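Reading through the structure tokens given below for one structure.
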Amino acid sequence: MAKVAFLGLGVMGYPMARHLKAKGHEVTVYNRTAAKAEKWVSENGGRAAATPREAAEGQEIVFACVGNDDDLRQVTLGPDGAFQSMGKGSIFVDHTTASAEVARELHAAAAEKGFAFIDAPVSGGQAGAENGVLTVMCGGDADAYAKAEPAIMSFARASRLMGEAGAGQLTKMINQICIAGVVQGLAEGIHFGKKAGLDIEAVLDVISKGAAGSWQMENRGKTMNQGKFDFGFAVDWMRKDLSIVLDEARKNGASLPVTALVDQFYADVQKMGGRRWDTSSLIARLDK
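Structure representation (structure tokens):
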């Protein structure tokens with residue numbers, strides 16, 4: 001068991017840190033809103049720290065799951081950031097969905113100070129975090145990853161090193177590209193079925209057993225048909241992720257016409273008041 005810190009107790013970080021504690025790790029937590037960290041400690045034990053720097057001091061592994069590139073830089077490189085106190089040989093594991101650029105930047109900064117940085121974005125949403133079954137895509141040095149993997153598996157069902165620094169973030173971008181296209185196709189299919197007067201639940205039941213089947217169909221098809229969009233991963237977050245994807249595509253020359261189009265469809269959902277609806281709400285702009 002390791003001495004670890006967890007920075008950022010949002011909808012993902014809160015249960016991820018809980019799983020670390022439940023698996024026997026010694027956990028120190030930090031959250032920008034201190035009351036949330038104190039609440040976590042009251043429920044799970046461990047210790048709350050006032051700053052990322054304090055949380056990271058003396059830890060073998062420091063985990064983070066924050067909002068975006070700027071938040072990540074603040075909790076790592078800022079005056080009270082974790083990088084100011086991490087010891088040589090320790091490991092920083094970042095679960096934020098961020099840019100490959102910031103992952104490479106922080107990997108280099110960590111190397112200069114004698115410790116490791118792994119970019120490790122996750123897939124599985126709030127339910128995956130609550131149930132400890134996230135998929136983790138990692139970039140960084142193989143030796144550091146091997147040391148961190150047992151702790152990562154406290155809240156994951158699958159974790160894999162995808163390559164050098166930034167490879168984890170690039171893999172997460174592919175994950176979001178694939179989700180965007182699948183959800184839009186599912187939305188259009190359900191919308192078409194309604195217009196055709198079919199029993200949508202019966203349609204989904206039969207086609208889910210064939211080549212059209214997908215996780216989205218199995219887990220979101222019926223609720224999309226019912227107009228229920230309160231299942232965690234918000235449209236605002238998806239647009240943040242897709243902005244990272246499209247920015248990277250401009251840099252590497254990838255052509256992503258469907259992803260760019262679906263991003264604009266999510267913008268339409270935001271204008272409809274669906275900023276906090278989950279990503280399956282693409283159907284709402286078709287059914288309005």
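The opening residue of the sequence shown carries number 1 in UniProt numbering; numbering runs sequentially from there.
Glycine is no exception: its CB is placed at the ideal position from the N, C-alpha and C atoms.
Remember, it's a predicted structure, so these values are computed and weren't measured experimentally.
Open item on the list: My assumption, with CB atoms under 8 Å, is that residue 165 sits in contact with residue 117. Please give the rounded CB distance.
Closed with: Within the sequence shown, numbered from 1, the residue matching residue 165 stands at position 165. Within the sequence shown, numbered from 1, the residue matching residue 117 stands at position 117. Contact flag correct, Cβ pair sits at about 7 Å.
Open item on the list: So the candidates are 153, 176, 145 and 172; which of them puts its Cα closest to the Cα of residue 161?
Closed with: Position 161 of the sequence shown, counting from 1, holds the residue named residue 161. Nearest of 153, 176, 145 and 172 to residue 161, Cα basis: 145.
Task: Stretch pair the segment 145-159 + the segment 214-232: three plus CB contacts closer than 8 Å - done: The answer is no - the segment 214-232 does not touch the segment 145-159, with fewer than three Cβ pairs under 8 Å.
Open item on the list: Taking the beta carbon of residue 221 as the centre, do at least 16 other beta carbons fall within 10 Å, making it buried, or is it exposed?
Closed with: As a position in the sequence shown, residue 221 is number 221, starting the count at 1. Around the beta carbon of residue 221, 16 or more other beta carbons lie within 10 angstroms, which makes this residue buried.
- [ ] Identify every residue that forms a DSSP beta bridge with residue 238.
- [x] As a working mapping, residue 238 is identified with position 238 in the sequence shown. Per DSSP, none; premise fails for residue 238.
Open item on the list: Going by beta-carbon coordinates alone, are residue 10 and residue 64 separated by less than 8 Å?
Closed with: Counting from 1 along the sequence shown, the entry for residue 10 is found at position 10. Counting from 1 along the sequence shown, the entry for residue 64 is found at position 64. Result no, Cβ atoms of residue 10 and residue 64 do not sit closer than 8 Å.
TODO: Go ahead and label residue 229 buried or exposed: buried means 16 or more other beta carbons lie within 10 angstroms of its beta carbon, across all protein chains shown.
DONE: Taking the first residue of the sequence shown as 1, we reach residue 229 at position 229. So residue 229 counts as buried.
- [ ] Compare the beta carbon distance of residue 241 and residue 97 with 8 Å and say whether it is the shorter of the two.
- [x] Counting from 1 along the sequence shown, the entry for residue 241 is found at position 241. Counting from 1 along the sequence shown, the entry for residue 97 is found at position 97. Yes.
Task: DSSP three-state assignment for residue 162, whether helix, strand or coil - done: One-based indexing of the sequence shown puts residue 162 at position 162. Residue state, collapsed to three classes: strand.
TODO: Measure the alpha-carbon distance for residue 167 versus residue 136 and round it to whole angstroms.
DONE: For the purposes of this step, residue 167 is identified with residue 167 of the sequence shown, where counting begins at 1. For the purposes of this step, residue 136 is identified with residue 136 of the sequence shown, where counting begins at 1. Approximately 12 Å between the Cα atoms of the pair.
Task: residue 261, buried or exposed, once every other Cβ within 10 Å from all chains shown has been counted against 16 - done: Position 261 of the sequence shown, counted from the first residue, corresponds to residue 261. The residue in question, residue 261, is exposed, as its Cβ has fewer than 16 Cβ neighbours within 10 Å.
TODO: Taking the CB atoms as reference points, tell me whether residue 27 and residue 35 lie closer together than 8 Å.
DONE: Start at 1 with the first residue of the sequence shown, and residue 27 comes out as number 27. Start at 1 with the first residue of the sequence shown, and residue 35 comes out as number 35. No. Outside cutoff.
- [ ] Would you decide whether residue 263 is buried or exposed? Buried here means 16 or more other CB atoms lie within 10 Å of its CB.
- [x] Position 263 of the sequence shown, counted from the start, is the residue given in the question as residue 263. Answer is buried; the Cβ neighbour count reaches 16.
TODO: Assign residue 198 to buried or exposed, taking buried as 16 or more other Cβ atoms, counted over all protein chains shown, within 10 Å of its Cβ.
DONE: Taking the sequence shown and counting its residues from 1, one reaches residue 198 at position 198. Looking at its Cβ environment, which holds fewer than 16 other Cβ atoms inside 10 Å, residue 198 is exposed.
Task: For residue 94, the first and last residue of its enclosing beta strand (DSSP E) - done: Your numbering for residue 94 matches position 94 in the sequence shown. Unbroken beta strand (DSSP E) run through residue 94: 91-94.
Task: Same chain only: Cβ atoms within 8 Å of residue 103, ignoring 5 sequence neighbours per side - done: Counted from its first residue, the sequence shown places residue 103 at position 103. Excluding sequence neighbours, residue 103 sits near 94, 117, 119, 139, 165, 166, 168 and 169.
- [ ] Kindly list the residues whose CB is nearer than 7 Å to the CB of residue 13, restricted to its own chain and excluding five residues on each side of it in sequence; keep chain order.
- [x] The residue given as residue 13 occupies position 13 in the sequence shown. When the five nearest sequence neighbours on each side are left out, the beta carbons in the same chain lying within less than 7 Å of the beta carbon of residue 13 are those of 6 and 65, in order along the chain.
TODO: Would you decide whether residue 277 is buried or exposed? Buried here means 16 or more other CB atoms lie within 10 Å of its CB.
DONE: For the purposes of this step, residue 277 is taken as residue 277 along the sequence shown, with counting starting at 1. Here residue 277 is buried, its C-beta having at least 16 other C-beta atoms within 10 Å.
Task: Where residue 47 sits in the DSSP three-state scheme - done: The sequence position of residue 47 within the sequence shown is 47, counting from 1. It is a strand residue.
- [ ] For residue 33, name the three-state secondary structure that DSSP assigns.
- [x] Locating residue 33 in the sequence shown gives position 33, where the first residue counts as 1. Of the three classes helix, strand and coil, the one that applies to residue 33 here is coil, per DSSP.
Task: Sequence-distant residues of its chain with Cβ nearer than 6 Å to residue 234 (five each side left out) - done: On the sequence shown, position 234 is the one that residue 234 refers to. 276.
- [ ] Would you mind listing the beta strand (DSSP E) stretches within the segment 78-121 that are 3+ residues and don't spill past its ends, in chain order?
- [x] Qualifying beta strand (DSSP E) stretches, in chain order: 91-94 and 116-119.
Open item on the list: Please state the DSSP three-state secondary structure of residue 64.
Closed with: Position 64 of the sequence shown, counted from the start, is the residue given in the question as residue 64. Strand at residue 64.
Task: For residue 288, the three-state DSSP class (helix, strand or coil) - done: Counted from its first residue, the sequence shown places residue 288 at position 288. Under the three-state reduction of DSSP, residue 288 is assigned to coil, being neither helix nor strand.
- [ ] For residue 187, collect the residues of the same chain with a Cβ closer than 7 Å to its Cβ; drop the 5 residues on either side in sequence, then sort them by chain order.
- [x] By one-based count along the sequence shown, residue 187 stands at place 187. Within the same chain, Cβ atoms closer than 7 Å to the Cβ of residue 187 are found at 224, 282, 283 and 286, the five residues on either side in sequence being excluded.
Open item on the list: Suppose you measure from the CA of residue 75 to the CA of residue 61; what does that come to, to the nearest Å?
Closed with: Residue numbering aside, residue 75 sits at position 75 when the sequence shown is read from its first letter. Residue numbering aside, residue 61 sits at position 61 when the sequence shown is read from its first letter. Residue 75 and residue 61 have their C-alpha atoms spaced approximately 15 Å apart.
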